[in-house]
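Protein chains in written order, with numbering that gives the first Met the number 0: chain A, 0 to 473; chain B, 0 to 364; chain C, 0 to 102.
All C-beta atoms in this analysis are idealised placements derived from N, C-alpha and C, irrespective of residue type, glycine included.
Take a look at the structure set out below.
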Amino acid sequence: MSANDRRDFDLAIIGAGPAGMAAAAQAASAGLSVLLLDEQARLGGQIYRDIERTSEQRGRILGKDYLAGRALVDDLVKSSITYVPQASVWQADQDGHLCYTVEGLATQTKAHRVLLATGALERPVPIPGWTLPGVMMAGAGQILLKQSGLVAKRAVIAGSGPLIYLIAAQMVRAGNPPLALIETQTAADFWQAQHHLAGALRGWRYLIKGLGLIGELRRAGVKRYRGASDLQAEGQERAEALRFSHRGKQQWLACETIFLHMGVVPNTQLSRAMNLDHYWSAAQHCFHPKTDGWGRSSAAAIFIAGDGAGIAGAKGAELAGRIAALRIAADLGRLDEATMAQSATPLHRELARERAARPFLDRAYPASSQVLAPDDATMVCRCEEVSAGDIRRYAAMGCDGPNQAKAFGRAGMGPCQGRYCGLTVSMLLASVNQRSLDETGYFRIRPPIKPLTLGEIAQLDDPDAGAKEVMDLG
Amino acid sequence: MDADYVLVGGGIVGLSIAWGLVKRGKRVIVLDGEDGSFRASRGNFGLVWVQSKGMNQPRYAQWSQESAAAWGDFAQELGEATGRDLGLEQKGGYDFHFSEQSLEETVAKYEVLKQALGGNYPYEVLRGNALRNEEPELGSSVVGAILHHQDGHVNPLHLLQALAQDLRRLGGQVLVGKTGVDVKKSDVFTVLCDDGTRVEASKVVLSAGLGAAQLGPKMGFLAPVTPVRGQNLITEKLPRLINRPSLYARQVKEGGIQIGYSTELSGFDDAVTVDSLSSIATKAIHVYPCLQHVQVVRSWAALRIMSPDGLPIYQESPRMPGAFLVTCHSGVSLAAAHARFLPNWLEGRDDAPDLEVFREDRFAV
Amino acid sequence: MKTASPFEYLAQPTNLVAVRFDGQTYQLPKGENLAAALLAAGVRSTRENPGSNAPRAAFCMMGACYECRVRIDGASVQACMIQVRDGLVVEKMQPIGGQSYER
């Protein structure tokens, strides 16, 4: 493929995690020409990272749910699709035009339908000291294990959410149990979550799994501090300890690595850059792109499946990917509506079961108030070093939304383009201005959504189609 | 009555004027739009520019010069009041040329303008080594440059934020999330907003950028302004590579290189496009080949506010005396003039600047 | 700065190649993720942030946070998005040419 390859695909899928892989295989089996673009060198996304080449030892540590990704990969490699690894998609529009870069070569292409399967990001965890080397997202710890077979030696895991038990258990199995789990959820959170227990029972598999993991941690003697608050990473040049409050007492744990986790949120960078409609999900405390039951976004040609459309987990992502692929095949006339509906019915039913456990989990493991509304001194935007107090000050100066605040103080202007501050900035402004999150809105995300070189952008310059200089500016 | 002045529009133009008025003891209220409104103030290139302006209207060149000359003092005062460094640098700027012919043609035009300005048009032509000494990173395709000593640049976002901050400190009121939808005049002016808010004042300034096209006619203005889109890129923070700004690129104080800019008719669409971004990227690399491998961090687009001849409009309403229209596409360059000199004009004082040539009846058919 | 690593391999990697980082030579596993390999080699910080000059290091490991940026062949790249190859010369991202930038 060369630069300015304007070959049309039926379907371009961005992201080769469970949703993207399942959709690609399903669409290919319906006879669609499929382009699968993924940033990583190998299939799997974050959840099944490096699944293709995992060793038996690593597989045993990571567990059965991880190994389930193999079936998806096996299915996919049998399909006839165009898979481009290490492809960084930096621009996409609602008409299906895409720009991406592979090893310094920029390419444009067009697809009749686009499926965004860009998954989740971990929720930002702004606590004092979170920019110190040695403080990482818990998901990063898991990626190190999956991809490189690396396990942290003297680590604590702090935050909230079912994922921390899984990571802790994997560390136990790898022979390096975490020094402690510092959990911010409270007993009250758990009791309030009981309202959703009926739903959760339908997703009983998850609860039993969670209990199993907690048992594994107890047997390994991993200490758990539940209802902890006021987390603070300490150290000079790197993380040396975690300080926190627990049952009215100050605790201080020396460690070398601090894994933070407060749940995951949809990665909406691309759906935002494409100007699709989003709304605030009060239950998941984050923005979701608007999608219908088939994953179709507010733009007819653009679909979103998997955690990028709202958190439902790996199995849910796989199902949503298949459902979207069926709808797309019908859109493009490769499947009649009746066949599509028939194939989709059991998938929809199973997806509903997957989603049933979510309200319970969301309520039982909420993000702590400390990270939803950080103290004034806490750095919110890591790239440009903007504090929560700065954002509150800008709100008082008339910033009723994040874009004026970004102009005033640079939050969200750095290389991560707001991925690790956007939610916090919107929540802070909404709180000070006493406006809803939907009124407050989010950063205007613009392409390139991944930094690339000026030369890479220039490769796409087509002198005939170039910008029309309309006038001398007086 | 709520204030002496109500300004409809809280971008750099409206805030600069409001700040100047408050400094004279006037009570002002600024009506500002939504977070997502079209805001040229958040998207401009940040030049404080003189050269090539007013080639056909020397008074515009002169007005730009007056503003550029007032900028140093203005930036210092605002900076000290807010603790915000506006990053103003006025050590000249370039107009680059890729052929001797275009260079000479431009010089000939500058000479005509210089005469009209009584000789006050300090520029020099740099070529070859003299130019490379000033800008070592220039590519070989640049044949020569006109270095105009009155040009400069500033951090336009710091300007916006500092104005918003200091205006409040001085007692100016800014109401956000307000779009003016109608203006009535009896003994006083009443401005009605979309959310039902009513504000009364003895004078009204319409500084609403593109929004003036809707509200202006209700106040007796033609307000013939249309959008012209501009797209920009900014790179990662880099060591000093560019000494002085040009229309192609400028290096901001923090190290990023801002690359501009396109001029396109796109209606009210402020999206960025691959066609334009790749075109401005190509041009910037042409001028500074070292930029080929630098990383672009962000892009953005904004809509300029253009009158038919590209010049500002300063007009008192013939139908509603006491209502004024102020609009231009160079709100940053002209910010100092708007803060320092425009209040005299609004107040009708003897020392008011002569803005006759900027009346909008020049567009009347 | 090189220190004892806070990470440990499950199985010692083979096929090590020489990689320069910040003026020192490291033996890193070929084809493995560069950010992970540097962490495992005891490199604690790969960058200083413009503004405060505070040390930073890999944070998300999935290409989203841009904390692990390093300079290779003059270009800024995310260490977590590239693989170790023989003879790689990696520079620490310093606050730009030794100048300090005002914010």
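Kindly identify the DSSP beta-bridge partner or partners of residue i.
i: isoleucine 304/B; result: Pro226/B
i: phenylalanine 188/B; result: Lys184/B, Ala200/B
i: lysine 222/A; result: Ala179/A
i: methionine 0/B; result: In DSSP, methionine 0/B forms no bridge with anything.
i: lysine 217/B; result: Its beta-bridge partners do not exist; DSSP assigns none.
i: glycine 151/B; result: Val47/B
i: tryptophan 369/B; result: Residue 369/B lies beyond the range of chain B shown here (0 to 364); nothing can be said about it.
i: isoleucine 13/A; result: Leu36/A, Leu115/A
i: valine 29/B; result: Leu6/B, Val173/B
Could you check if residue i is buried or exposed, using at least 16 other CB atoms within 10 Å of its CB as the buried criterion?
i: asparagine 32/C; result: buried
i: asparagine 48/C; result: buried
i: lysine 202/B; result: buried
i: leucine 276/B; result: buried
i: proline 307/B; result: exposed
i: tryptophan 251/A; result: exposed
i: isoleucine 284/B; result: buried
i: phenylalanine 267/B; result: exposed
i: proline 320/B; result: exposed
i: glycine 118/B; result: exposed
i: serine 185/B; result: exposed
i: phenylalanine 362/B; result: exposed
i: isoleucine 241/B; result: buried
i: threonine 326/B; result: buried
If we call anything under 8 Å between Cβ atoms a contact, is residue i one with residue j?
i: cysteine 59/C; j: alanine 139/A; result: yes
i: proline 414/A; j: glycine 440/A; result: no
i: aspartate 389/A; j: glycine 408/A; result: yes
i: proline 265/A; j: alanine 298/A; result: no
i: glutamate 136/B; j: tyrosine 247/B; result: no
i: proline 342/B; j: glycine 92/B; result: no
i: valine 27/B; j: alanine 2/B; result: yes
i: leucine 130/B; j: alanine 144/B; result: yes
i: alanine 40/A; j: serine 78/A; result: no
i: valine 370/A; j: cysteine 420/A; result: no
i: alanine 300/B; j: glycine 229/B; result: yes
Which value, in whole angstroms, describes the spacing of the CA atoms of residue i and residue j?
i: arginine 354/A; j: leucine 346/A; result: 12 Å
i: arginine 57/A; j: glycine 158/A; result: 25 Å
i: methionine 170/A; j: glycine 22/C; result: 33 Å
i: phenylalanine 243/A; j: tyrosine 47/A; result: 33 Å
i: lysine 252/B; j: lysine 222/A; result: 50 Å
i: lysine 113/B; j: glutamine 149/B; result: 13 Å
i: arginine 102/C; j: valine 431/A; result: Because the pLDDT of arginine 102/C is 28, which lies under 50, any placement of that residue in the model is unreliable, and the number read from its coordinates should be weighed accordingly. If you take the alpha carbons of arginine 102/C and valine 431/A, they lie about 25 Å apart.
i: alanine 39/C; j: glutamate 7/C; result: 7 Å
i: glycine 14/A; j: leucine 42/A; result: 9 Å
i: glycine 294/A; j: leucine 114/A; result: 9 Å
i: glycine 220/A; j: leucine 75/A; result: 41 Å
i: valine 173/B; j: glycine 397/A; result: 7 Å
Say whether chain A places a C-beta atom closer than 8 Å to the C-beta of residue i.
i: glutamine 98/C; result: A caution first: glutamine 98/C carries a pLDDT of 42, below 50, which makes its placement in the model unreliable, though a value can still be read off. So no, glutamine 98/C is outside the interface.
i: valine 251/B; result: no
i: tyrosine 65/C; result: yes
i: valine 16/C; result: no
i: phenylalanine 6/C; result: yes
i: isoleucine 284/B; result: yes
i: phenylalanine 20/C; result: no
Does any residue of chain C have a CB that is nearer than 8 Å to the CB of residue i?
i: leucine 418/A; result: Rather than leucine, the amino acid found at residue 418/A in this sequence is arginine. It does; some Cβ of chain C falls within 8 Å.
i: arginine 434/A; result: no
i: glutamate 235/B; result: yes
i: glycine 78/B; result: no
i: lysine 467/A; result: Bear in mind that the predicted position of lysine 467/A carries a pLDDT of just 48, short of 50, making it too unreliable to give a figure here.
Return no unless some Cβ of chain B is closer than 8 Å to the Cβ of residue i.
i: leucine 365/A; result: What sits at residue 365/A in the sequence shown is proline, not leucine. For proline 365/A, the answer is no, since every Cβ of chain B falls outside 8 Å of its Cβ.
i: alanine 457/A; result: yes
i: alanine 74/C; result: yes
i: proline 54/C; result: no
i: proline 12/C; result: no
Between residue i and the ligand NAP, is the CB less than 7 Å from at least one heavy atom?
i: aspartate 94/A; result: Among the components of this structure there are no ligands whatsoever, and the ligand NAP is therefore not found.
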